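2 protein chains.
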Amino acid sequence: MTTGQEHTVKAFDQDIGQLRGLISQMGGLAEQAIADAMTALQRGDAVLARQVRAKDKAIDAIEAEVERLAVRVIALRAPMADDLREVVAALKIAAVIERIGDYAKNIAKRVPLIHTGPDRIEALSILPAMAMLASDMVRDVLDAFARRDADAAAEVCQRDNALDDFYNSIFRVLVTFMVENPKVIGEVAHLLFVAKNLERIGDHATNVAEMVFFAATGRYMGDADAGETGGK
Amino acid sequence: MTTGQEHTVKAFDQDIGQLRGLISQMGGLAEQAIADAMTALQRGDAVLARQVRAKDKAIDAIEAEVERLAVRVIALRAPMADDLREVVAALKIAAVIERIGDYAKNIAKRVPLIHTGPDRIEALSILPAMAMLASDMVRDVLDAFARRDADAAAEVCQRDNALDDFYNSIFRVLVTFMVENPKVIGEVAHLLFVAKNLERIGDHATNVAEMVFFAATGRYMGDADAGETGGK
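One line per chain: the protein sequences are A and B, in this order.
With positions in the first sequence counted from 1, the corresponding number in my numbering is that position plus 119.
With positions in the second sequence counted from 1, the corresponding number in my numbering is that position plus 119.
Shown next as structure tokens:
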């Protein structure tokens, strides 16, 4: 199957480089989807919202490509230890980014259902800041993956608390708004889900951070004794 | 590493059997978590809700065990084609079941926040039927995985539409209830999320069904031409 150790190593490095490239490309598309979905929501821009939904297929296609490539790499190169963990992490991270793309798509889907302008709902003006926080977590955790940086991954996890606080504030603001404006409860309920989607994006970025940490160290985050597979 | 082809095959069969066993165990725990969370919600049983949250750690632990075992199997046995796809599927399915467990945990977390009894909210009496539908999808898709049954997996996907309809009905019922009972909007908003969690459990069962289909056939569901890796 191979013509020598060096050839194999080089081929593996190329493969892993390609995997990283695909993950980075997916991450970029997911960040853009979050930003565009929020812009569409703020502007009530149904056309942009439709574009976000259409572009989600590109994210799905790259995930399928990552899976095909990862399986081929494992089958052909039989990577061991650190290398294997990284291929497995790529496989799992791609699945999570696909889901982050779905959350952005879900936000975009709600755009045509929300007609109450930002001037009327305080939370609608806070949401973009929350989206930025979530999107930054996605970007930074994928940077951590690209650099195999366990510390940077751990740092992203810590930011999830701030996002949760954001979500809880927005929940209270929206419920108060519903109490005061019963006629738009249906619309505002959709905003609750938008906030929840952003909170879930943060959870998923945290999941990715845990995978990056494991791929880089062979240990589970917060599980200092689990050195079974050997640390770096 | 191995003492012969037969030895390797037998060891692989044992490994895959162990993986299937772990996945089945996880699935059972996830189904129980959904059922217990709904019972706790119906009865306002905070003790049972706490138990659901505590037991989620067991699901997480099995997921970590599946990952360790799958990586070891890939590294030691270098499975090919169908066998490799099955190991990869086990890895991904375990990650999804872990997430299904999280949704059950999220439902349980909301129990102490909801005091409005089932006699007052029509949707609260419909939710258990919706939960049953979601839980059955989880059980049946894991049975399909255990039997490598692509047709059964495809059938589970079709049921997701019924679950979505259920969700849309409940959404409307709850919004109407909020309009008529503005004092309990905060509580009822939590029920909206419970319904959404159940709908997401169905989405995840559908994701698993797609993975089972791919593992069994080497093709992506609904992608008849993608025979690149060869069908069975």
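Heads up, the beta-carbon is just placed ideally off N, CA and C, and yes, glycines get one too.
Please read these numbers as outputs of a predicted model, since none were measured by experiment.
{"Check": "Residue span of the alpha helix (DSSP H) that contains Leu210 (chain A), given as start and end", "Outcome": "Ala200 to Arg229"}
{"Check": "For Ala339 (chain A), the three-state DSSP class (helix, strand or coil)", "Outcome": "Before going on, a small fix: residue 339 (chain A) reads as Tyr here, not Ala. Tyr339 (chain A) falls in the coil class under three-state DSSP."}
{"Check": "Closer than 9 Å to chain B by CB, Tyr286 (chain A)", "Outcome": "no"}
{"Check": "Exposure of Val166 (chain A), with buried meaning 16 or more beta-carbon neighbours within 10 Å", "Outcome": "exposed"}
{"Check": "Alpha carbon of Ala183 (chain B) to alpha carbon of Gln170 (chain B), nearest angstrom", "Outcome": "21 Å"}
{"Check": "Members of the segment 303-314 of chain B that neighbour chain A once the beta carbon cut-off is set at 9 Å", "Outcome": "Ile304, Gly305, Ala308, Leu311 and Phe312"}
{"Check": "Short CB-CB distance (under 9 Å) between Leu210 (chain A) and chain B", "Outcome": "yes"}
{"Check": "Same chain only: Cβ atoms within 8 Å of Ala234 (chain A), ignoring 5 sequence neighbours per side", "Outcome": "Contrary to the premise, residue 234 (chain A) reads as His rather than Ala in this sequence. Answer for His234 (chain A): Gly163 and Glu306, listed in chain order."}
{"Check": "Simplified DSSP assignment, three categories, for Asn300 (chain B)", "Outcome": "coil"}
{"Check": "Reduced DSSP secondary structure (H/G/I, E/B, other) of Asp164 (chain A)", "Outcome": "coil"}
{"Check": "Proximal residues to Leu311 (chain A) (C-beta, below 6 Å), its chain only, five neighbours per side dropped", "Outcome": "Leu293"}
{"Check": "Contact set between the segment 159-177 of chain B and chain A, restricted to residues whose Cβ is under 8 Å from the partner", "Outcome": "none"}
{"Check": "Identity of the residue in B:Ala314, B:Val206 and B:Cys276 nearest Tyr222 (chain B) by Cα", "Outcome": "B:Ala314"}
{"Check": "Beta carbon proximity, Ile193 (chain A) to chain B, threshold 9 Å", "Outcome": "yes"}
{"Check": "8 Å Cβ shell around Ser254 (chain A) - same chain, five flanking residues per side excluded", "Outcome": "Glu150, Ile153, Ala154 and Ile320"}
{"Check": "Rounded separation between Lys224 (chain A) and Asp175 (chain A) - CA only", "Outcome": "7 Å"}
{"Check": "Distance CB(Ala208 (chain B))-CB(Glu186 (chain B)) smaller than 9 Å", "Outcome": "no"}
{"Check": "Stretch pair the segment 255-265 of chain A + the segment 266-285 of chain B: three plus CB contacts closer than 8 Å", "Outcome": "no"}
{"Check": "Closer than 9 Å to chain B by CB, Glu186 (chain A)", "Outcome": "yes"}
{"Check": "Ala197 (chain B) - DSSP class collapsed to helix/strand/coil", "Outcome": "coil"}
{"Check": "Residue-chain proximity (Val207 (chain B), chain A), Cβ-Cβ < 9 Å", "Outcome": "yes"}
{"Check": "8 Å Cβ shell around Phe131 (chain B) - same chain, five flanking residues per side excluded", "Outcome": "Val192, Arg196, Pro198 and Asp202"}
{"Check": "Contact under 9 Å by Cβ, Asp268 (chain B) with Ala324 (chain B)", "Outcome": "no"}
{"Check": "Spatially closest choice to Ala227 (chain B) from B:Val303, B:Leu141, B:Leu317 and B:Gln277, by CA coordinates", "Outcome": "B:Leu317"}
{"Check": "Residues that Ala156 (chain B) contacts on chain A, provided the C-beta gap is smaller than 7 Å", "Outcome": "None at all; the shortest Cβ gap to chain A is about 18 Å."}
{"Check": "CA-to-CA distance, Gly337 (chain A) to Arg172 (chain B), given in whole angstroms", "Outcome": "27 Å"}
{"Check": "CB contact flag (Gly136 (chain B), Asp179 (chain B), <9 Å)", "Outcome": "no"}
{"Check": "Residue from B:Ala177, B:Arg204, B:Ala250 and B:Ile240 whose Cα sits closest to the Cα of Glu91 (chain B)", "Outcome": "Nothing in the structure corresponds to residue 91 (chain B), since chain B is present only between 120 and 351."}
{"Check": "CB contact below 9 Å: Pro247 (chain A) versus chain B", "Outcome": "no"}
{"Check": "Residue-level contact to chain B via CB, Pro301 (chain A), 9 Å cutoff", "Outcome": "yes"}
{"Check": "C-alpha distance - Val257 (chain A) paired with Ala281 (chain A), whole-angstrom precision", "Outcome": "15 Å"}
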